[in-house]
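To keep things clear, I will list the structure first and then write my remarks on it.
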Ligand SMILES: [Zn+2]
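In the numbering used here, the protein residues as written are 1 to 429.
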């Protein structure tokens, strides 16, 4: 197991943009020219450089055999016919970005080449063979596809597609572009930063995703838990023997996983957003280009997740602002109602006071008891000033305080005043 230590640059740092560009450039591998010299009408391989044999597979590094025998897959793809034609006519042939499937069965691989078939001639100018010169463009092609997919992802993030859609799309894109089978997993950090939740892993089995969902971050918790804890990439090349996988080895075995390289997804402020992992079916050691790929996509995932957090935060803030506004509206309305009620009460009290003053003046001359009769069992020694009555014909004299109290508390009590049409009106009904 190798822990690949990474720096922790932030996306706001110009060095990060530089790193991303450098990573993308690294994905356009060095192209090395392939060369082979063929002899005679059967195109016997006379000489070929190491790059040629490396391209067709080291196990086929032989000379002195016909090219059709060394590479039987070429015949069905029209390349032998082309060689025959160049040999016959003496006219060179040039192809650009030509697709060729090399090898057969499980070892077959798709490759692209820029190449030239050039006739070799003897002193008399007769064609004696063909020189094959080519440059493999497969990596460039893959990198171009990758950059196109990467750009599409950035556009998806920019137009605020749902996070799960972006991450799922990203995982599938990497899986499709990789020359070997890889399975991508994105885990998202909980808000406490101590647990990892399922994010996207379209090709991992459900039982595996469910078992991993919610794992704690920490030293030795698989590749992802450790990478999240260390804030550094963690490369486990063989799950079967790596101590980090002690607790998950059986699970990984059931899912058919043999290697797992995990890269932390970090926010601009260095906070943990999640992990980006590439799983493999067989033990594998990453190449520089694999690590570059992981950095590029961990960076892309960071953009998507941060964008998502900002959106979530905005929605929550909007909800809070709306709730606060609603509360304020409610409070203003309640205050307005209270004030209206208070004004109403004040007006009613003023009106009552005026009525009582008028009644007291009108009734001053009428014979009445000396003291207020409305004091209840405790009695009231205040002078009787106003006569009140109710609709049943009961009447009494009271002080202004008790009269007011009676008018407010006893239904249909009114001031018995001829001036106001009170008791007199009642008696004369
Ligand atoms: Zn009284």
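Note that the Cβ used here is the ideal one computed from N, Cα and C, for glycine as well.
Please read these numbers as outputs of a predicted model, since none were measured by experiment.
With a Cβ-Cβ cutoff of 8 angstroms, do residue i and residue j count as a contact?
i: residue 236; j: residue 244; result: yes
i: residue 273; j: residue 265; result: yes
i: residue 98; j: residue 119; result: no
i: residue 304; j: residue 157; result: yes
i: residue 261; j: residue 283; result: no
i: residue 204; j: residue 132; result: no
i: residue 194; j: residue 216; result: yes
i: residue 218; j: residue 229; result: yes
i: residue 393; j: residue 374; result: no
i: residue 296; j: residue 142; result: no
i: residue 127; j: residue 78; result: no
i: residue 52; j: residue 66; result: no
i: residue 254; j: residue 181; result: no
i: residue 145; j: residue 196; result: no
i: residue 311; j: residue 160; result: yes
Considering only C-alpha positions, which residue in the set the options is nearest to residue i?
i: residue 184; options: 192, 208 and 191; result: 208
i: residue 74; options: 100, 50, 62 and 86; result: 100
i: residue 292; options: 306, 276 and 368; result: 276
i: residue 49; options: 134, 79 and 116; result: 134
i: residue 189; options: 159, 346 and 226; result: 226
i: residue 54; options: 40, 195, 407 and 111; result: 111
i: residue 82; options: 105, 288, 116 and 179; result: 116
i: residue 371; options: 400, 392, 356 and 362; result: 400
i: residue 387; options: 252, 354 and 367; result: 367
i: residue 165; options: 202, 196 and 191; result: 202
i: residue 378; options: 177, 113, 402 and 33; result: 402
i: residue 268; options: 299, 294 and 246; result: 299
i: residue 360; options: 318, 404, 233 and 347; result: 404
i: residue 33; options: 125, 80, 93 and 137; result: 137
i: residue 383; options: 364, 341 and 315; result: 364
Provide the residue span of the beta strand (DSSP E) that contains residue i, from first to last.
i: residue 219; result: Where residue 219 is concerned, there is no enclosing beta strand (DSSP E), given that its DSSP letter is neither H nor E.
i: residue 119; result: 109-121
i: residue 280; result: 272-280
i: residue 264; result: 259-266
i: residue 47; result: 44-48
i: residue 390; result: 386-390
i: residue 197; result: 195-200
i: residue 415; result: 413-415
i: residue 94; result: 93-102
i: residue 231; result: Run containing residue 231: none; DSSP gives neither H nor E here.
i: residue 37; result: 33-39
i: residue 285; result: It is not in any beta strand (DSSP E) - residue 285 carries neither H nor E in the DSSP assignment.
i: residue 188; result: 182-189
Identify the continuous alpha helix (DSSP H) that holds residue i and give its terminal residues.
i: residue 163; result: 163-177
i: residue 244; result: That residue, residue 244, is in no alpha helix (DSSP H); it is neither H nor E in DSSP.
i: residue 332; result: 288-363
i: residue 402; result: 400-409
i: residue 83; result: 79-89
i: residue 70; result: 67-70
i: residue 206; result: 206-212
i: residue 153; result: 138-158
Only counting the same chain, and skipping five residues up and downstream in sequence, which positions put a Cβ closer than 8 angstroms to that of residue i?
i: residue 103; result: 56, 57, 73 and 109
i: residue 70; result: 45, 56, 60 and 62
i: residue 429; result: Note that residue 429 has pLDDT 49, beneath the 50 cutoff, so the model's placement of it is unreliable and no number is given.
i: residue 238; result: 1, 258, 259 and 283
i: residue 464; result: Here the chain covers residues 1 to 429 and nothing more, so residue 464 does not appear.
i: residue 324; result: none
i: residue 41; result: 84 and 87
i: residue 123; result: none
With a threshold of 6 angstroms on Cβ separation, who are the neighbours of residue i within its own chain once the five nearest residues in sequence on each side are excluded?
i: residue 30; result: Only weak support is given to the placement of residue 30: the predicted model assigns it a pLDDT of 49, under 50, and the question is left unresolved by the model.
i: residue 279; result: 183, 257 and 260
i: residue 251; result: 211
i: residue 95; result: 115
i: residue 192; result: none
i: residue 391; result: 412
i: residue 241; result: none
i: residue 341; result: none
i: residue 410; result: none
Among the residues of its own chain, which have a CB less than 7 angstroms from the CB of residue i, if the five just before and after it don't count?
i: residue 163; result: 304, 305 and 308
i: residue 169; result: 153 and 156
i: residue 199; result: 167, 186, 187, 188 and 274
i: residue 130; result: 38, 43, 83, 86, 87, 117, 118, 119 and 120
i: residue 380; result: 371, 372, 374, 399 and 402
Could you name the residues whose beta carbon sits closer than 7 angstroms to any heavy atom belonging to ligand 1, keeping them in chain order?
-> 372, 374, 375, 380, 382, 398, 399, 401 and 402
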